[in-house]
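Just add 1 to the spot in the sequence shown (first one is 1) and you have the numbering used here. Here is the structure we will look at.
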Amino acid sequence: MDRRKFLGVAAASPFLFSFAHLAEQHAAVASHGGKASDFSKRLKPVGRVLEMEGYYVWGTSPIIGPDGKTHVFFSRWAAEKGMGGWINSSEIAHAVADTPESPFKFVSTVLAPRGEGFWDGTTCHNPHIKFVDGKYCLFYMGNSNRRTNTKRVGLAIADSPYGPWQRPDKPLVEAGPEGAWDDHCSSNPSFVKHPDGRYFLYYKSWNTYEYENYTDPKIRGNRKYGLAIAKSLQGPYTKYKGNPIIDYSGHGNNIQAEDGYVWQEDGKFKMVMRDMGIFNHQYGLYQESPDGIKWSEPEIAYYNTDHYFKQPPAQKHLSKYGRFERPQLLLQNDRPTHLFLASQGGKYMTSSAFVFQIEPK
């Protein structure tokens, strides 16, 4: 974009800052030793969506339906619960828009906690929607005791994005044995069907001992990513022997990452994640892989909110204010066209989704 065109766009949009501000941001990146990915350079902010009075909205996963509309599946919980309500009272809801950049209209709650005796009895969270083998596949995390140590990844299936959804009796991925890197939980799923026909399910976890005997009071434990592989969509899934495949603990200072989203493009596996110390705790990470197992060193996928738009001063109840989390992509013709993120703040000072258009290469 030439300077004259950029200035015209900037004048018309509240989401773009001055050249001086952007220069300051890039200088800050350089001071962290970060390299901006090509992905990060193609992001154009659209704005907040799904600002819902009385709710926190988090983790919005998009897909184009058979009607040509954009369907999103997102977590929400009552605002009176505070930000921590995700762990004990989240539900997964469905909304639809004519385009990814249009207003979304709430359709229904599709997965709510089922109560005592169910693996997803006390929360349903972190939706990840895919169309696989002619089915709409809603991967998600549930728990049964309102705590992190029963978080498990499961899969609900439907013939239509409007449902009805067949809910699983058991999760797809259990926690590992005591002492394993993943003995605490399985969470934050991301799924791809490998070109060779296998089913790759990525999940986040950490070790219980490190979580309970933490040295970093701000972030208990060290989050890593594992891979589970199956020959059929509904499993059984077998954990890759070389897990964890994403492990930044060797960097020291409790550096880690979460919220991985994996997709395939141009013959490569690609991933965006939330940075938790590689560059800072405000950015996203971008990596590539030839096989979905061995990943490149991370580059910057996206920046903090201040890089793109101005917000009112932070309020005390929003401890994650100023950063984006839970990246999910809208794929069209096997290419990402929009990035959906979760961000605290907005009209009701809770949280909502935020959308970026991804400009073509």
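Note that CB positions come from ideal geometry on N, CA and C, so glycine has one too.
Which of helix, strand or coil DSSP assigns to residue 123: Translated into positions along the sequence shown, residue 123 becomes position 122. Residue 123: coil per DSSP, three-state reduction.
query: Apart from the five residues on each side of it in sequence, which residues of its chain come closer than 8 Å, Cβ to Cβ, to residue 220?
result: As a first step, residue 220 is located in the sequence shown; it is residue number 219 there, counting from the start. Contacts found: 255, 257 and 277.
- request: Using only alpha-carbon positions, find the residue among 295, 274, 54 and 334 that is nearest to residue 285.
  value: Indexing the sequence shown from 1 puts residue 285 at position 284. Among 295, 274, 54 and 334, the Cα nearest to that of residue 285 belongs to 274.
query: Which of the three DSSP states, helix, strand or coil, is assigned to residue 259?
result: Within the sequence shown, numbered from 1, the residue matching residue 259 stands at position 258. Strand.
- request: Could you round the C-beta distance between residue 129 and residue 62 to whole angstroms and report it? I think they count as a contact, below 8 Å.
  value: Sequence index remark: in the sequence shown, residue 129 carries index 128 (1-based). Sequence index remark: in the sequence shown, residue 62 carries index 61 (1-based). That belief holds up - the Cβ atoms of residue 129 and residue 62 are roughly 5 Å apart, short of 8 Å.
message: I need the straight-line Cα distance from residue 333 to residue 266, nearest angstrom please.
response: Within the sequence shown, numbered from 1, the residue matching residue 333 stands at position 332. Within the sequence shown, numbered from 1, the residue matching residue 266 stands at position 265. In this model, residue 333 and residue 266 are separated by some 11 Å (Cα to Cα).
message: I'd like the span of the beta strand (DSSP E) that includes residue 352, first residue to last.
response: Mapped onto the sequence shown, residue 352 falls at position 351. Segment 351-359, the beta strand (DSSP E) holding residue 352.
query: Less than 8 Å separating the beta-carbons of residue 228 and residue 201?
result: Residue mapping note: residue 228 aligns to position 227 of the sequence shown, counting from 1. Residue mapping note: residue 201 aligns to position 200 of the sequence shown, counting from 1. Contact flag set, yes.
query: Are the CB atoms of residue 186 and residue 146 nearer to each other than 8 Å?
result: Your numbering for residue 186 matches position 185 in the sequence shown. Your numbering for residue 146 matches position 145 in the sequence shown. Not in contact: residue 186 and residue 146 (Cβ atoms no closer than 8 Å).
message: Please list the terminal residues of the continuous alpha helix (DSSP H) segment that includes residue 39.
response: On the sequence shown, position 38 is the one that residue 39 refers to. Per DSSP, residue 39 belongs to the alpha helix (DSSP H) from 39-42.
field: Element boundaries [beta strand (DSSP E), containing residue 300]
entry: Locating residue 300 in the sequence shown gives position 299, counting from the first residue. Residue 300 -> beta strand (DSSP E) spans 300-303.
message: Rounded to the nearest angstrom, what separates residue 196 and residue 360 at their Cα positions?
response: For this step, residue 196 is matched to residue 195 along the sequence shown. For this step, residue 360 is matched to residue 359 along the sequence shown. Distance between residue 196 and residue 360, taken at the CA atoms: about 26 Å.
- request: Taking 8 Å as the threshold, find out whether the region 323-340 comes into contact with the region 240-256 through three or more Cβ pairs.
  value: no
task: Confirm, please, whether the CB-CB distance from residue 77 to residue 347 is below 8 Å.
output: Residue mapping note: residue 347 aligns to position 346 of the sequence shown, counting from 1. Residue mapping note: residue 77 aligns to position 76 of the sequence shown, counting from 1. In this structure, residue 77 does not lie closer than 8 Å to residue 347 by Cβ.
task: State the start and end residues of the unbroken alpha helix (DSSP H) segment that holds residue 144.
output: Taking the sequence shown and counting its residues from 1, one reaches residue 144 at position 143. From DSSP, residue 144 is part of no alpha helix (DSSP H) but of the beta strand (DSSP E) over 136-144.
Residue 225 to residue 182 span [Cα, whole Å]: Here residue 225 refers to the residue found at position 224 of the sequence shown. Here residue 182 refers to the residue found at position 181 of the sequence shown. About 8 Å.
message: What would DSSP say about residue 220, mapped onto helix, strand or coil?
response: Your numbering for residue 220 matches position 219 in the sequence shown. It is coil, neither helix nor strand.
DSSP-derived helix/strand/coil call for residue 241: Here the question's residue 241 lines up with position 240 in the sequence shown. Here residue 241 sits in coil by DSSP.
- request: Over the uninterrupted alpha helix (DSSP H) stretch that includes residue 88, give me the two end residues.
  value: In the sequence shown, the residue the question calls residue 88 occupies position 87. Note, residue 88: alpha helix (DSSP H), 87-90.
Separation of residue 288 from residue 213, as counted between CA atoms: Reading the sequence shown from its first residue, position 212 is the one you call residue 213. Reading the sequence shown from its first residue, position 287 is the one you call residue 288. Computed Cα separation, rounded: 30 Å.
field: Three-way DSSP call (helix, strand, coil) for residue 342 in this model
entry: Within the sequence shown, numbered from 1, the residue matching residue 342 stands at position 341. In this structure, residue 342 counts as strand in the three-state DSSP scheme.
query: How close, in whole Å, do the beta carbons of residue 344 and residue 355 come, if the pair is a contact with beta carbons under 8 Å?
result: Reading the sequence shown from its first residue, position 343 is the one you call residue 344. Reading the sequence shown from its first residue, position 354 is the one you call residue 355. Confirmed, about 5 Å.
message: Taking 7 Å as the limit between beta carbons, can you name the residues of its chain near residue 45, skipping five residues before and five after?
response: Here residue 45 refers to the residue found at position 44 when the sequence shown is read from its first residue. 357, 358 and 360.
message: Could you check whether residue 232 and residue 199 sit closer than 8 Å to each other, using their CB atoms as the reference points?
response: As a position in the sequence shown, residue 199 is number 198, starting the count at 1. As a position in the sequence shown, residue 232 is number 231, starting the count at 1. Yes, the pair counts as a contact, with Cβ atoms nearer than the cut-off.
query: Based on Cα-Cα distance, which residue from 290, 280 and 282 lies nearest to residue 262?
result: Taking the sequence shown and counting its residues from 1, the one referred to as residue 262 is at position 261. Nearest option by C-alpha distance: 290.
query: If you compare alpha carbons, which of 178, 72, 102 and 83 is closest to residue 321?
result: By one-based count along the sequence shown, residue 321 stands at place 320. For residue 321, the nearest C-alpha among the options comes from 83.
query: How about residue 166 and residue 157: do their beta carbons lie closer than 8 Å?
result: Locating residue 166 in the sequence shown gives position 165, counting from the first residue. Locating residue 157 in the sequence shown gives position 156, counting from the first residue. Contact flag set, yes.
- request: Give every residue of the same chain whose Cβ lies closer than 7 Å to the Cβ of residue 312, excluding the five residues on either side of it in the sequence, and list them in chain order.
  value: Translated into positions along the sequence shown, residue 312 becomes position 311. For residue 312, where only same-chain residues beyond five positions count, the Cβ hits under 7 Å are 306 and 346.
message: Please state the DSSP three-state secondary structure of residue 214.
response: Position 213 of the sequence shown, counting from 1, holds the residue named residue 214. Assigned with DSSP and collapsed to three states, residue 214 falls in coil, not helix or strand.
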